[in-house]
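Respectively, the protein sequence lines represent chains A and B. So the number in my numbering is just where the residue sits in the first sequence, counting from 1, plus 6. So the number in my numbering is just where the residue sits in the second sequence, counting from 1, plus 6. C-beta: ideal position from N, C-alpha, C; glycine also.
Number of protein chains: 2
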Amino acid sequence: MNVQVEASPGIESPKRTAILDAATDLFVEQGYGAVSMDAIARAANVSKATLYAHFASKDALFATIINEACRARMLPDDFAAGMALDPCGDVRPSLVALGRRLLGFLLEPRSLAIHRVVIAEGARFPELGRAFFENGPVKTCAALGAWLARQHEAGRLTIGDPLVAADHLIGMLKPGLFLRATLGIGDPPTQAEIDATVEHAVSAFLRAYGPGCVQGR
Amino acid sequence: MNVQVEASPGIESPKRTAILDAATDLFVEQGYGAVSMDAIARAANVSKATLYAHFASKDALFATIINEACRARMLPDDFAAGMALDPCGDVRPSLVALGRRLLGFLLEPRSLAIHRVVIAEGARFPELGRAFFENGPVKTCAALGAWLARQHEAGRLTIGDPLVAADHLIGMLKPGLFLRATLGIGDPPTQAEIDATVEHAVSAFLRAYGPGCVQGR
DNA sequence: GTCTATAGAAGGATAGAC
DNA sequence: GTCTATCCTTCTATAGAC
């Protein structure tokens, strides 16, 4: 099932926008299989025929939407903004701020929903998995790695391989809360839980990568 | 959609076993939506009526199977065995061995498939998410935490909170390879990649939690 | 472009014979 | 318990009028 993503999303029309908006919410919230074209048409106040006038098939509509969602919503702006700043003295406050932004973003309902959908339909739409991976984790890791490398230059951290270090920081931020939230178990994480997780992760990260750490063991 | 898991799986019958075997492979491999009762009946060499004689509905069959898969296949036996041994001198080789077993297990096709299915259908079957979480991550983390705590007692590591430390080790093992494999991007990880990831994770973990580390910063 | 109405296929579930 | 044959619903996709 090799469905091409809509090639020319250029033409704007009210109906088309309504379709995209409605379908995005439905698909992201409920997944591919659970959403019917009828439901999309109803939610968009459009007939099914109009739907098919704009999109060749359900597959094409889904692929277009999820692809766009991956591209548009992956890297939080204020995270990128944080990356632009270098700390004056101690790196710890910067790391805590970055960790809080990143974990908070990952735990947002919309982020979790996209993550779920991409994993769920990865077998049917391999190109979506790649779009998600390239626009999300890869970009985030690269940005964080570059920032870490700059701190190494400045003598504020001791980073061997920036990408590995970025993976380790992100990896220590995620467990517990993220998996629980992805599976929808228990109550949503509180800000206090997020803060505690970030504190633990940053502390461990600084012990492993702080100034004066010896990498070669 | 609150589907009860089969209450009495006690009675063994050849047909029933054939159904369970066939359906397990299909569901785990392709997910709930993509598998039809027709396909299951065909794969099990059984009529659809027989299917419904043994299981009340597709939902019930699915829930029974995934629940069982979560319970049976979660914690690798040789991982548990490794937990029983305490290292003689340096902990590093033990950590590397444990990390290799755990990461290798997580990357097995069957493990990845279960992980995908549980995340995909988590909204429709909340009890499956819980079954997976309790039998998989929670048990693994508890076992690893207990082992880490023992190493702390023996002065081989410096562990503040064992569960947090276990989360951090597992978190540093997973990124990169695990997400890529879950999304099915690129080639499956090679043993060399696995080994390198484990080495990096264990090195960072030992810098953060090795003997003589000061926790309170 | 947009609608109403419908064709055509697939899937979940069951009736009734053995 | 097991089978064959079938019902009924739902879904994707399209035909034809405006």
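Note on geometry: alpha-carbon atoms of isoleucine 46 (chain A) and alanine 28 (chain A) lie some 6 Å from one another. Under the Cβ criterion of 8 Å, methionine 43 (chain A) is not counted among the residues facing chain B. A direct Cα-Cα distance of roughly 9 Å separates arginine 186 (chain A) from glycine 135 (chain B). With a cut-off of 8 Å on Cβ pairs, the stretch 126-140 of chain B is in contact with the stretch 62-72 of chain B, counting three or more such pairs. Under the Cβ criterion of 8 Å, isoleucine 125 (chain A) is counted among the residues facing chain B.
Close to leucine 185 (chain B), with beta-carbon spacing below 8 Å, are these residues of chain A in chain order: Phe139 and Pro143.
Separation of glycine 110 (chain B) and alanine 59 (chain A) (C-alpha to C-alpha, rounded to the nearest whole angstrom) is 48 Å.
At a cut-off of 8 Å between beta-carbon atoms, alanine 214 (chain A) makes contact with chain B. If you draw a straight line from the Cα of cysteine 94 (chain A) to the Cα of alanine 148 (chain A), it is about 22 Å long. Ranked by Cα distance from alanine 198 (chain B), the options B:Leu183, B:Pro99 and B:Gly151 are led by B:Leu183.
Straight-line spacing of the CA atoms in aspartate 173 (chain A) and valine 208 (chain A) works out to 13 Å. In summary, serine 42 (chain B) is exposed, with fewer than 16 beta-carbon neighbours lying within 10 Å of its beta-carbon over all protein chains present. Between valine 124 (chain B) and glutamate 74 (chain B), the alpha-carbon positions lie close to 12 Å from each other. Using a CB distance cut-off of 8 Å, methionine 89 (chain A) does not count as an interface residue toward chain B. In this structure, the beta-carbon distance from glycine 151 (chain A) to leucine 169 (chain A) falls below 8 Å. Valine 204 (chain A) and valine 52 (chain A) do not touch by the CB rule: their CB atoms are close to 44 Å apart, not below 8 Å. For chain B, none of the residues of the stretch 67-82 of chain A brings a beta carbon within less than 8 Å of one of its beta carbons.
With a cutoff of 8 Å on beta-carbon distance, alanine 24 (chain A) and alanine 50 (chain A) are scored as near each other. Only residues of its own chain outside the window of five on either side were considered, and among them Gln157, Arg162 and Leu163 have a CB closer than 7 Å to the CB of valine 97 (chain A), listed in chain order. Here glycine 105 (chain A) is buried: its Cβ has 16 or more other Cβ atoms, across all protein chains shown, within 10 Å. At a C-beta separation below 8 Å, glutamine 36 (chain B) has these neighbours in chain A: Ala129. For the pair glycine 166 (chain A) and methionine 178 (chain B), the CB atoms are not nearer than the 8 Å cut-off.
Only buried fits serine 117 (chain A), as 16 or more other CB atoms lie within 10 angstroms of its CB. With respect to phenylalanine 85 (chain A), leucine 112 (chain A) sits apart: the two C-beta atoms are not nearer than 8 Å. A direct Cα-Cα distance of roughly 59 Å separates glycine 216 (chain B) from aspartate 44 (chain A).
If you draw a straight line from the Cα of arginine 48 (chain B) to the Cα of proline 181 (chain A), it comes to about 41 Å.
DSSP places alanine 59 (chain B) inside the alpha helix (DSSP H), whose first and last residues are 54-60.
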